[in-house]
Every structure is written in C-alpha cells, then in structure tokens.
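Residue numbers (my numbering), protein chains in the order written: chain A, 1 to 256; chain B, 1001 to 1160; chain C, 2001 to 2794. Virtual Cβ for every residue (Gly too), placed ideally from N, Cα, C. Accompanying notes for the structure given below.
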Amino acid sequence: MVKPRVLILRVAGTNCDNETEWAFRLAGAEPERVHINRIKRGEKKICDYQALVIPGGFSYGDDISAGKVLVNEIKHNMGEDIDRFTGEKKPLIGICNGFQVLVKAGLLPWQGKQVVSLGWNDSARFEDRWVYLKTEKNASPFLKGFPSVIKLPVAHAEGKFTVDSGTTLKKIEDGKLVFFRYCSPDGGDAEYPHNPNGSAGAIAGLTSANGLIVGMMPHPERALLKCFYPDANEGGDGEEDGYGCRFFRNIVEYIK
Amino acid sequence: MRIIEVRNKQGVPDVFGQDVRKNIREMGISGIEEVVASEIYGFEDSAGDDELRYIAENILVDSVIQEYCLNGEKQSAGEGRVVIDVFYKKGVTDSVADTVKTAVKDAGIKTDISISTGKRYYLRGSLTEEDVKSVCMKLLANPLVQNYSIRYEEGNKSNA
Amino acid sequence: MPEYALEMNIIGAGDKELLEISGKNLLALNLEEMKAVKKYFTGIGRNPTDCELETIAQTWSEHCCHKIFRSDINYTEKANGKIREEKINLLGEIRKVTEKLDSDFCVSVFKDNAGIVKFNDEYGIAFKVETHNHPSALEPYGGAGTGIGGVIRDILGAGRGAKPIMNTDVFCFGLPDADYKRLPEGVLHPRRIFRGVVSGVRDYGNRMGIPTANGAIVFDEGYQKNCLVFCGTVGIIPLKNVEKKVMEDDYIVVIGGKTGRDGIHGATFSSIQMDANVSTNVVQIGNPIVEKKMMDVLLTAADEGLYNFVTDCGAGGLSSAVGEMGSETGAEVMLEKVPLKYSELLPWEIWISESQERMVLSVPGKNLKKLLELFASEDVEAAIIGQFKKTGKLEIYYKNEAVCSLDMNFLHGGVPLRNLKAQFAFPGKAEYRKDADAKTTDWPARIMKLLTDINITSREAVITQYDHEVQAHTVLKPLAGMEHSGPSDAAVLKPLYGDYRGIAVGCGINPFYGRHDPYMMAGCCIEEALRNIVSAGADPGAAAILDNFCWGDVNDEENLGALARCVKGCRDFALKYKLPFISGKDSLNNFFVEEKTGVETSIPGTLLISAVGIVGDIRKTVSSSFKRGGNLLYICGKTRKEMGGSRYYAVFGIEGGEVSEPVPSKTLPMMRKLHCCIEVGMVKSCHDCSDGGFIIALSEMAAGGGRGAEVFLDRMISDDVSPEALLFSESQGRFIVEIDRTLQGDFEKAMGKNVSMIGSVAEDGEIKVFYGGEKLFSLSAEEAEKAWRSGLQW
C-alpha cells in the first residue's frame, strides 16, 4: 500500500522538522522535509501531498514577532495553494511556531482576517516545561482515543493566547474550536506554571470547525515514547508510545 | 531618520516594561514608578510615508495586540516621562533589520530601504539625571555596541 | 610600488624598534618572537608586509597556539619544608593520560576541532568545550551568544562535519548582591552579566535548535571582575566521516556569514580610527539564523560527501583557518573574492577578521558546481576564495598584488617557546578549629540555609529558558519530574531515532577546593563529572573527559605553579579513573587591573571537567528523585571529615579543614558494580553526594520525589565522625541509592562491602534523621523543596 505523503515545511530557522519527520514515519506516513524555496521555485507542489505541517522553530529568528515573516512569505507565495489544499479537506497542522503562523495568517480559528494572537509569555521569557492538557470536545478526528488529560512539553517565548475581543473568545468556545486547554494535574483550572504563559481561557491549541486545521503550542513530536516523559521514571502513566505518537497516528489514519 | 514605533495596545500587559522596572529597582533606584517598553524601527529617508505605513501595518504590527505610530504621531503629550531610545552602532550585527529587509522584499516593495532596529523605554517616576544616565549605562545600553539618546517629554524636569 | 600592502621595516630594526612595532600594531608578540620573525625575513632577504606580520601574530598568539601549555616548565613544590623540583610540560601531561590508557573508545583525540569517541559501530560522538570569557565580560549577551555559536561550529567542523545534538553551559559569576556603587570602572554588575550571558546562550542555542541540557553556575566574589563562560557542544558523526584531508588542487570555499571588521585583534582595541557612532569591533553580536541556515546545508553537503575538509573560522579568522588547512600543502588565496559586509576593508583586515558564522571548506573541483548550487538553493553564502597548492607556502593576493608569501613550516613551526618557572607552596594549614563540631541542635535551620545557598539552590530560572528538548533526544532532563522539583545529575540523550542506545553528559567544577589544593580540586572535578554520568546510568568503562582550565595571571610564578599542580592532578586522577582526555582548552590571564589603583585581581584557578559516557539502554536510566515509600536507602562509599572548601564551611563562615581527597582505588570498582545494578534495572533512584554533602543530596532526592525518608546516620560508612561531618562533609566517592525491598539481598550481594543500608523512603513526606538511637531532627520534603527552589531570582 502506498503510504500517505506529508509535507513538512522548512524555512530559515525551522528546527523541529527532523523529529516531526520521525513522528510521521513512526505513524506510518511518508514524510518529506521541503524548503520553502523549492515550493517558490515550483520544484515541489503542496497539492501532491495529503497533509501539510508547519513545524516548530524560530522561522527567520522570530524577528519582528514569532512567525510574522513566514506569514508574510506564505501569503505572498502560497496563499491560494493553501486555500485550495484546505478546501480539499486535507489536514493542515501547525505546531508551536507553526501555530503562531496559522493564527497570524488568519487560518485559525477560522479562515479570514487575524482575530487571535500568541503574545509574549507573562514571564517575559522563553520557557521549556511539561504541562497538563485537557483534550476538548471538538470536531477534530486527531484526538481519537485520547484520555481527558494528557501531558506534553511546551517550549516557547510567545505563546500567550490572546483574542481581539470577548466576542471572538465566545465564538471560539461556542463553536467548539478549542483543541487543547492547559489544566492542573487533575484536570481543573490552571494557574502558572500549569498555564505556562497566561493564555486567555487557558487555550493551548485550536481547531477549525471541520477539525482539519489544527494548531497548538505543545510539542507532541517530543512525546513519542514513554522514555521522554519526565515522570516515566517516576512510575508515571505514559504509555510505551506516548500520546504524541497517537496524535500523529490519528492524522495518518485520517489521510490514509 | 524616521521612526516607526510598535507598542502594545491598551490593556495588553507590557511584560518587558515591568521587567525593566524591576531591574531598575534592583539597582537601588526606588523613584521609578513605571516603565513602558516598545520596539522602534528607524528608516533612512529612501522610503515614503505611505510605504512606511504599509510596512508597519503588514509586516511590523500584530494587529491583535499591537499598534504603531509613525514619527511620534498619536503621542499623548505632556505625560512628563523620560524617553530613552537605544540603537545598535553601525557595523554591529542587527539581524532583525536584515529580516525586515527580507520581509519588505517578500511584500513586493521594490524600494531599497535602509533600516536599523532598537528599543524605546518610557520611564516615569522621580529620577535624577544621574539616575537616568546610570539606567542607560548599566542596564539598557552597552556603549561598546549601542548608542542611546535621552529625551524628556514636556513637564518632566520639575520632579527631577 | 605596492598598492595594498605596507612594507614593515623589520630587517633594519633593533630590539627597541621591534618591540615598538609589535606594540603599535597590537601584534602581542614578545621580543624573542619578533627576533624570530626578523631572522626569518633577513634569511629571505626582504621585509614583511603588514599582512604577513598580522598572519604571524595571529598564528603565534597565545589564543591560537597555547604557548604556555606547550612550553617546558621548571616546577618547584614546597611541602613540609622540603623542596621538590620537576620539569613538566602541561599539554604533555594531559596527552600522556590518553596515550597511556590507549583506549578503543577514543576515535580522534587532540587533533581535530573536537574530540571524538565511539558511540556504536557506525557512529562517533564529538565533544568540545570552549571558553568566551573576555567578550562576555564586556558585552554579556553578544559574548555568550558568539561563544556558543563558535563551539557549535567546532562540532560542525569536527571530522567532515558532525551534527550538533546538545549544548552544555557552565558559568562563573560574581555574587549577585554586589553593591552597584562599589564596582570599579569598566566592570558590569554581576547581575547584568548573569542575565546577559544566560539570555545570549538562550537566544543563540534555542534558535540553533540544539538542546541545552547540562551545565552549572558557580557564584563567587572572585569572578566579579572576570566572569567565566564555558560553552560546550556534543555532536554525532558517522565514523566513516571522521578522517579528513585537504587534497592538492582542492578549492578553498568560505561559507556562511560575510566578513566585516569584527573582532579584529580579538579583545584589544582596534588601531582603526573610530568615531563614537561606530562599534569598536571588540565585541560582536551573533546572528544564529545565519549559522542555522549554514548548518542545515553543510550537513546535507557532508552526507553527500561534497568536500574533503571543513573547519571553523574562529580566532584569527581566515588566517588561522586557511593557514591550518593548508599547512601540509600550501595555499593560494584571492582576498578580493571574500564576501564583505561593507567595502572599505584593508586586505589584512579581511584576512584576520573574526566575523561570526563562517566556516571554510576544501572542495574537489568535480563537486564544486553541485556544492555551490546546494548552498545557493537555501540562500547561504558560499564563495571560492582560492586553492590549495603543493607549494608549501601561504600566498595571498589582493587584486593580483601579492600581499603575503610565507613558508608554512615557518608559520606553524617557527614560534620560539620559552622556558618557564613555576612554584607551588602548600598554604600553611589554617589553625584547625578545635570546636569545629557545632554544638547546634538546630540542624533543620542549617539545612534550609544551605538549600537556599546561591551555589546549591535550583537553577530552574535559568534551565527553563533553554530549550532542552528540541530534536526530541533528551531522556533525562536537567530537572526532575513534571514540576521540576529536584535536580538531575546528568543529561541523558538518545541521539538516534530508532535506537535506545544513549549518552550521558555531566560536569565537575569546584574552585573552592582549588583554594586549598589545586591537585585535589582536579581529582574531585574528574570524579564528580564521572559520578554524575554514572548515577544516571553511564558505563564508567565507556567514558571520556574534557579539560578546560581558566587561570589568572600566569606570568606570576605562583599562579603558574598552581596551574601546574592542577595539571598534575588531572594527569594522576584521570589515569586512576581510566578516563582519557579527548579534548581541552586553556584560557589564561583572566585578571583585572583597576585603572585608578593599579591593583591586579586574578580569578580563582578554575578547572571544568566535562564527561561523556555511554548508556547502553536509556530505558534503564534512573533519575534522582525518590520513587516509592518503603523502598530501601543505601549509601555507597565512605564519609570522612573532609570539609575544607565545603559549602557548609563557606555558608557558616568556618575556616580551614581538610579538602576532600578522592580514592579512585575504592571508588572506581564500586562505580562499576553500581553501574551493573543500574543496568539490570535494580536501582530506583540514585544521586551522588556533592555540594553540601549527604544531607543536601538526600533532601534533593526527597524534594524531587515529594517523599520523605527515615535515615540512621550511625549506619553510614565512616571513620566514626561527628553528626555534623556525616551530614555536611563533602567526601568524594559517595552515592545514595534507592532499592526495592525485595531486591535487598541481590543488591547487597552485588555491591559487597561498599554499601550500607541507612534507612528507607517514607511516603509521609517527612525526612527523619536518627543518630545514636535517638531522633536527631526531622524536616519536611515540601519545605526542603521550597527552600531549594527559592534561592536564585532571575
């Protein structure tokens, strides 16, 4: 059987592309890391792939603000192709820097003008830590088989979920567009450090209404195996394949 | 040089300003009350105002949390604060400036712009001139690689 | 009439003029060296050009050729009224260890940009640690950033290109509560240096996508005027790519950043006229994205075998990089082909500029087109600047005018080495305090105070700012558990995606012991680095170490003597622990002269030992936090009254005491047994006793696991010492180990006499300590955790 092809977009400063590639390979796909220049030159076309992933990193150094320059580049070079891609119900996934790109490009929570953002952490600095995440009820097929609370690491400086207005937040909640929410170990409300950045509504990830465009600050590609869980050694409950792995399997399952 | 200043919108916490305030306190300068920090982008005269506004709106500003002003417009006058601008000296790597140039090109602007990036700090409180100089030298700028300028908004000197 | 090169009148110069020329042009060459230069040029019958003199000055600089470490030293040691003399060569002593041990584990040592050891049959691990002290003192953010940028390039330039998989960072700073008003002119406040350095490493390392997963921070008054910044990088490399050789007619290709006037003459001021608006070039700000882009394509080019040789362009710039690469062939360079940041550079400036993010490749003609296309495809600068020619000469042109023509043999072999003198006298034993054994019964208060001590308290505020998990390799992270409640001894990585084989990386640094005896300091640092990786699961028999010496003014015979004694310690203890040195670096003359008073302050002699070892199966890695109430607790190793230089004495102001003396003949066999127990999964948690002694280690394990313990001090293996020493002595060779009750017999059988069961883990969260049949004190794990996490404010 032909394995589904996944395009992992690379630009100057992308740095989670290798492990994301490994994640999709483990999940049974045929991933390919592709530099944006090759798309601009027409050597590669995103329509030849079944899923498109913008991985973590510091695209263009996150100069100006996180993901901003890449948003500009994508809009001017791949904007229409991406609209066509998502129109065909192919998954578009943004992790960390990729999530920042998706919201600033106006692809999440709905396609249009930018209505939410990811601002500087309340701590005013980059932080790498593991968090508890509540898996929300939404249309996304990628949360299939998840328990209500899982653990994943976050590592970012600009991850504070911010909305342009209360109306937007209400529309997101009413429309069931929250993918993950930061929570306390028992699934309750999260305060710092459990809400690591001060996000509005403790929102850690969003999904489009059809569940196929998904963006999140946490890094599932860093939780593919139990050994990566910081409490693996403490008798923690991470399964042999971590929940990160299940997330990627769900995507591959969907596009197969 | 014309300056685009990008700052947080009203109601969005200024985490850097708060951080700087804490550091000034640590230096033993207790008169400091508030610090507001913003990003500044200095352009040499090659670009026109319309182009600069286009660059600000499409490249520099995150419209959900930030706003901009060009050449000090929209400045509420008479708040009586000290304004400190810090720029890199010529010849020092200014990677953000290089990135802005790339982004300007991506956006289809053909004009060859010359740009430098820096930070602006608004300090409010009862600060002596010596305090301000000390904050510049010991905290906000390193004279080996950066230049700074100090300006007083109207109505400040009184409490110095 | 030459247009681009200046003739320097050396042939006709007397001694005074020679020194003047060296001084005026910031060459930092001494009279003997200038005379050697004069002799060479007299021999070939002409004067040198400015470019030639600059090239020689760079190549012969202390920074590039380590004259002190290569010189013979007449060393005198005074102890108990006896005088012993010895001739030693510092570099020779260190290399002797590796030669004598002759281990199969070593793949490439002391010849490349990094040391390389064997990971498995296919891959090697490259490791290098550098210092960037002076730039970091002047501009902490830029200095530390370019420090990490530089050592990453060392790994990229190891063999035919290793892939960086981890960074380490060790800093020494002045005390953060120093009075702002009392700092001498030209010295930045320790707090500003601390924040700047950490931010610099964070912003560069994180953007490079390399996890920063191990390190240490030492705070001491002695570093107020000269901070120390050690940056290390670990890489992985296919063993088939380890050997590299420049081939005749290969093209010289410079890649990455453009060349500017940066860092000319390293840390001295430039002779170029500057106005207030132009940087003095002394310090640089790095651009990690330029380096990241270069790394991405360079590793692809390495995979495809497109070049024969690669090296970093660091100190001395192209002059050092091309000079070294061409040392066995010869090289011809066209300087006008070097991509510049701006146009007004002089040829010699282009040649010795230290602009960041550049590397040099040696590329065979047949691959040239493909290589240039590859670099262009991702917008990375790559320019052909010359060719390696079988001439034995370094020939440099600028717009067809010869600006330099030197014999490689003279350039690389012509530096005259000095005969140095050094002496070391044991400090008279400080009057031993008869009442040193505290009468206090308030042990918990003392423990809490130690847990918040600036040199013991958690580095969480720093560690969390580093992305220590990017690349998804990091198995044992720097802090324990979901909530960062305890420390880890070492970082454990799983470098290959499809394989459970791993590496552990740890370090040892303790300048406080050095004040008592640099020899024992060396032993303790080596042992601590080894203990750290062993307690995380590394095999002590498959481990190697790196040395980094940072010393004060070594023109002073006593300072040099202390350094020599430290090197002797490195030699003796590394041999006894059977740990080969695979790479090392020295940074000498870290001292500050106060302008007003002329008072000179040297840093405390500082040795950093970094260790890397193999973990056969990372699923067997253990962390330091307590796992389950009821599990048994063991102490491995003997406690002596060794409290000289201890944190306990420092915090409570007690002078004197014996410094800890490692006992490799006992400790190494014990470590091997402990490793076997970890490997078969018998050990639940393990932590070594170091700063603060037994009770601090125990408190950290309790904090990490959120569990308490019941321990009986009388059961510790000791020479019948007081409770104070049992709690706080820093004797080497000790681990605390947690074992499942059912494995008691197996563990005791495996470990033999090396261990003693001291108690058990308690689920109730109280640390209860008994002595002489009575409860001495108790302390809650939660309070210990709070204290340990509160001492370092960002």
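Proximal residues to residue i (C-beta, below 6 Å), its chain only, five neighbours per side dropped
| i | result |
| --- | --- |
| F180(A) | L133, A204, G205 and M216 |
| A27(A) | F248, R249 and V252 |
Which of helix, strand or coil DSSP assigns to residue i
| i | result |
| --- | --- |
| P2669(C) | helix |
| G1125(B) | strand |
| W120(A) | strand |
| E2431(C) | At E2431(C) the pLDDT is 49, less than 50, meaning the model places this residue with poor confidence; the figure from the coordinates comes in the next sentence. Coil, per DSSP. |
| F2424(C) | strand |
| P2164(C) | strand |
| I2447(C) | helix |
| K2111(C) | coil |
| E1130(B) | helix |
Neighbour list for residue i in chain A, Cβ cutoff strictly below 7 Å
| i | result |
| --- | --- |
| S962(B) | There is no way to answer for residue 962(B), as the model of chain B reaches only from 1001 to 1160. |
Cross-chain neighbours of residue i in chain A, by beta carbon under 8 Å
| i | result |
| --- | --- |
| V1012(B) | G119 and T162 |
| K2477(C) | P230 |
Other residues of its chain near residue i: CB distance less than 7 Å, five sequence neighbours each side excluded
| i | result |
| --- | --- |
| G2537(C) | V2492, A2504, V2615, K2620, T2621, V2622 and I2678 |
| S2226(C) | Here residue 2226(C) is Asn; the residue named in the question, Ser, does not match the sequence. So the list reads N2133, A2137, N2590, F2591, F2592 and I2603, once near-sequence residues are dropped. |
| K1089(B) | V1145, Q1146 and N1147 |
| E127(A) | N121 and P196 |
| G175(A) | A209 |
| P2662(C) | G2523, C2524, E2527, F2573, Q2732 and G2733 |
| G2759(C) | L2633, A2709, E2710, V2711 and F2712 |
| G2561(C) | Y2075, A2422, Q2423 and F2424 |
| L2183(C) | H2189 |
Neighbouring residues, chain C, relative to residue i (Cβ below 7 Å)
| i | result |
| --- | --- |
| G13(A) | R2207, I2289 and K2292 |
| M1027(B) | Y2180 |
| P153(A) | E2469 |
Residue(s) in a DSSP beta bridge with residue i
| i | result |
| --- | --- |
| R2647(C) | The partner list for R2647(C) (beta bridge, DSSP) is empty, contrary to what the question assumes. |
| Q1146(B) | Y1088(B) |
| C2051(C) | Answer is none; C2051(C) lacks a bridge partner. |
| H2189(C) | Answer is none; H2189(C) lacks a bridge partner. |
| C2404(C) | I2396(C) |
| Y254(A) | Y254(A) is not bridged to any residue. |
Proximal residues of chain B, C-beta to C-beta of residue i below 9 Å
| i | result |
| --- | --- |
| Q2284(C) | V1092, T1093 and V1145 |
| H76(A) | D1106, A1107 and G1108 |
| A124(A) | V1015, F1016, Q1018 and D1019 |
| A30(A) | First, the amino acid is wrong: residue 30(A) is Glu here, not Ala. None at all; the shortest Cβ gap to chain B is about 30 Å. |
Residue i: contacting residues in chain A (beta-carbon distance under 9 Å)
| i | result |
| --- | --- |
| A1141(B) | What A1141(B) touches in chain A: nothing, since even the nearest Cβ is about 19 Å away. |
| V1096(B) | G61, D63 and I64 |
| M2482(C) | R129, W130, V131, Y132, K151, P185, Y229, P230, D231, E234 and G236 |
Same chain, Cβ closer than 8 Å to residue i, five either side skipped, listed in chain order
| i | result |
| --- | --- |
| V2278(C) | With a pLDDT of 45 at V2278(C), under the threshold of 50, the modelled position of this residue cannot be trusted, and the question is left open. |
| R84(A) | C47 |
| Q2744(C) | L2632 and M2757 |
Interface residues of chain C facing residue i [CB-CB closer than 9 Å]
| i | result |
| --- | --- |
| K1101(B) | Correct list: empty, because the minimum Cβ distance to chain C is about 13 Å. |
7 Å Cβ cut-off: residues of chain B touching residue i
| i | result |
| --- | --- |
| H2189(C) | K1138 |
| L2138(C) | L1144 |
Taking only runs of the beta strand (DSSP E) that begin and end inside the stretch 2539-2627 of chain C, which ones reach a length of at least 3 residues, in chain order?
2543-2550, 2581-2587, 2591-2593, 2600-2602 and 2606-2615
Beta strand (DSSP E) runs contained entirely in the stretch 2197-2227 of chain C, provided each spans 3 or more residues
2212-2219
My parser needs the alpha helix (DSSP H) runs of 4 or more residues fully inside the stretch 156-243 of chain A; what are they?
166-174
To test your reading of the DSSP string, which unbroken beta strand (DSSP E) runs of 3 or more residues are found completely within the stretch 2354-2402 of chain C?
2358-2363, 2382-2388 and 2393-2398
At 4 residues or longer, and completely inside the stretch 2731-2792 of chain C: list those alpha helix (DSSP H) runs for me, N to C.
2744-2751 and 2781-2788
Sequence ranges, alpha helix (DSSP H) only - wholly within the stretch 2295-2355 of chain C, length at least 4
2317-2325 and 2347-2352
Whole beta strand (DSSP E) runs in the stretch 2664-2718 of chain C with 3 or more residues, listed along the chain?
2683-2688 and 2708-2712
So within the stretch 55-129 of chain A, which uninterrupted beta strand (DSSP E) runs reach at least 3 residues, ignoring any that extend past its ends?
92-95 and 116-120
Of all the alpha helix (DSSP H) runs that stay within the bounds of the stretch 2475-2545 of chain C, which reach a length of 4 or more residues?
2511-2514 and 2518-2535
In the stretch 2084-2151 of chain C, which residue ranges form an unbroken alpha helix (DSSP H) of at least 4 residues, counting only runs that do not cross its ends?
2090-2101 and 2133-2138
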